[in-house]
Amino acid sequence: MIHPKESRCTGPSRKLATRVVRSASGTDARTGASSVPIYQASTFHHASLENPPEYDYTRSGNPTRQALEDTIAQLEGGARGFAFSSGMAAISTAFMLLSNGDHVICSEDVYGGTYRLLTTILGRMGIETTFVDATDLGRLEAARRPNTRAVFLETPSNPTLKITDIAAVAEWAKKHGLLTMLDNTFMTPCLQRPIELGIDIVVHSATKFLGGHSDVLAGLAVVSNEKLGHKLKHLQNALGSVLGVQDSWLLMRGMKTLLARMECSERSARRLADWLTRQSSVTRVYYPGLPDHPGRAIHERQSQGYGAIVSFDVGSGERARRVLEHVTLPLVAVSLGAVESILSYPAMMSHAAMPREIRLQRGIGDGLLRYSVGLEALEDILGDLEQALKATR
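The numbering of the sequence shown is numbering that gives the first Met the number 0, which starts it at 0 and goes up by one.
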């Protein structure tokens, strides 16, 4: 389906900016169209029963979705990619590689939806989870049991941006025969490629930075080898939570500008984080690019940037609510990673599924806000937040 010339534009020798644009582009071999066609079909004709076609039913495979899956696999440096109806669908399907009686070790300040899946659904199915501070390899080791089968990581974590040494955890996990999974939503393959550091499965909420425009709900997963690819393909087909072809096309369109958007948002995020550290009404700022951020040296070793998410604490839930009431520029909303800035309140949004006492234990206080920096002028972002913070004094 993709024109052969595209391989010369997306090979490993090409710069990332070229690969991001051309991997998600391609030309139609039949017509020369400048983007992958939308194959709006649920089923495909079998010209011969003895020689079945590559595609037979869209749940099992579709050329448009396949182009997206090939794109994310290429960008992450993995063997195969898979597209799902949401980020949680991607994560849930990956966890279906486990069985009753298995045990998982998970980053303690993981996304609330992942926490909900592990505690209220997989736990009911006999899959146990221990949440630990994954920045401490000793705690991971201490949590390992005879029935431990997998480790799930977020780095930077959501929302306090804790940094885990990916290569060290992957090496330790391989020594013990453990499957490693990592949510790379915050960094994207533009800034961090965990498979190259030894991770087995990378997942994304592609709704966020990869899509980039708050108009697509999608999830992606990439595996490091064909054996895992065969297993995940079986699960994708069996469970059926695949991404539709229209959304697959929209996601590829969004991914063409991924690097440019990430670079612009990160520039503003760095300056926003620095500005927040100088505000007397802000008690703490979380951003991997700050000189005193825990794990900064590790992050710089394994990533190519600091990202576009800045979290900060204004001291109390009441003050956080007042900030949310007074901002006029960002969306006050669930989600992140869009061209427009989004200000979220983790306690009632991304981590609402996590009991308050557990949130507080993990540093997700009632005064914590998470700012996803968009493409607006930095001066407007700072000016708007300044007036909102002043209103809380």
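We put the CB at the ideal spot given by N, CA and C, even for glycine.
Problem - Residue span of the alpha helix (DSSP H) that contains T17, given as start and end - result: Residues L15 to S22.
Problem - 8 Å CB neighbourhood of Q430 in its chain, flanking five on each side removed - result: Because residue 430 is not part of the residues shown, which for the chain are 0 to 392, the question remains open.
Problem - C-beta atoms of R111 and H350 nearer than 8 Å - result: Note on identity: in this sequence residue 111 is Gly, with Arg being the wrong assignment. Yes, these two residues count as a Cβ contact at 8 Å.
Problem - Start-to-end residues for the beta strand (DSSP E) that takes in R79 - result: Per DSSP, the continuous beta strand (DSSP E) segment holding R79 begins and ends at R79 to F83.
Problem - Selection from S334, D379, E140 and E49 that minimises the alpha carbon distance to L216 - result: For L216, the closest alpha carbon among the candidates S334, D379, E140 and E49 is that of S334.
Practice task
Hey, could you find the ends of the beta strand (DSSP E) I165 is sitting in?
Solution key: Secondary structure note for I165: it is in no beta strand (DSSP E), and the uninterrupted alpha helix (DSSP H) holding it is I165 to K174.
Exercise for the section: Have a look at the DSSP bridge pairing and note the partners of Y54. Expected result: Secondary-structure assignment with DSSP links Y54 through no beta bridge to anything.
Practice task
My understanding is that G364 touches D312, with C-beta atoms under 8 Å, so please give their C-beta distance in whole angstroms.
Solution key: At roughly 6 Å, the Cβ-Cβ gap stays under 8 Å, so G364 and D312 are in contact.
Handout entry: Euclidean distance between Cα positions of R143 and L160
Key = Approximately 24 Å, taken between the alpha carbons.
Practice task
Compute the Euclidean distance between the alpha carbons of Q386 and C105, then round it to the nearest angstrom.
Solution key: The straight-line gap from Cα to Cα measures roughly 39 Å.
Practice task
Tell me, please, which residues DSSP counts as bridged to E153.
Solution key: Paired residue(s): D182.
Problem - Cβ shell of L231 (< 8 Å), same chain only, five flanking positions each side left out - result: Apart from the 5 residues on each side of it in sequence, L231 sits with its Cβ closer than 8 Å to the Cβ of R79, F81, T92, A93, L96, I200, A220 and V222 in its chain, given in chain order.
Handout entry: Option nearest V322 by Cα separation, candidates A172, L377, G125 and L384
Key = Taking V322 as reference, the option from A172, L377, G125 and L384 with the minimal CA-CA separation is L384.
Handout entry: Spatial neighbours of P3 in its chain, beta-carbon cut-off 7 Å, leaving aside the 5 residues before and after
Key = In this prediction, P3 has a pLDDT of 35, which is less than 50 and means its spatial position is unreliable; what the coordinates show is noted afterwards. Cβ-Cβ distances below 7 Å link P3 to nothing in the same chain once the five nearest sequence neighbours on each side are left out.
Exercise for the section: From the DSSP output, read off the bridge partner residues of T129. Expected result: Answer is I104.
Exercise for the section: Could you tell me which residues DSSP puts in a beta bridge with Y370? Expected result: Note: Y370 sits in a beta bridge opposite V309 and L342.
Exercise for the section: Label N99 either buried or exposed according to how many other C-beta atoms from any shown protein chain fall within 10 Å of its C-beta, with 16 as the threshold for buried. Expected result: Exposed, since its Cβ has fewer than 16 Cβ neighbours within 10 Å.
Exercise for the section: Return the residue from the list L152, A332 and L190 that minimises the CA-CA distance to L15. Expected result: L15 has its Cα closest to that of L190, out of L152, A332 and L190.
Practice task
Grab me the residues of L196's own chain with a C-beta within less than 7 Å of its C-beta, minus the 5 sequence neighbours each way, in chain order.
Solution key: Same-chain partners within the cutoff: I165, A166, A169 and Q301.
Problem - C-beta atoms of L177 and V150 nearer than 8 Å - result: Yes, the pair counts as a contact, with Cβ atoms nearer than the cut-off.
Exercise for the section: Return the CA-CA distance between H203 and M180, expressed in angstroms with no decimal places. Expected result: Computed Cα separation, rounded: 11 Å.
Exercise for the section: Run the CB neighbour count on Q360, radius 10 Å, all protein chains shown included, and call it buried at 16 or more, exposed below. Expected result: Looking at its Cβ environment, which holds fewer than 16 other Cβ atoms inside 10 Å, Q360 is exposed.
Handout entry: Closest by C-alpha distance to P272, when choosing among G294, S34, P354 and S371
Key = One point to set straight first is that residue 272 is Ala, not Pro, in the sequence displayed. A272 has its Cα closest to that of S371, out of G294, S34, P354 and S371.
Exercise for the section: Assign E378 to buried or exposed, taking buried as 16 or more other Cβ atoms, counted over all protein chains shown, within 10 Å of its Cβ. Expected result: It is exposed - the Cβ of E378 has fewer than 16 other Cβ atoms within 10 Å.
Exercise for the section: Report yes if the CB atom of A307 is closer than 8 Å to the CB atom of M261, and no otherwise. Expected result: In this structure, A307 sits near M261, with a CB-CB distance shorter than 8 Å.
Practice task
Kindly identify the DSSP beta-bridge partner or partners of H203.
Solution key: Partner residues in the beta bridge of H203, as assigned by DSSP, are L219.
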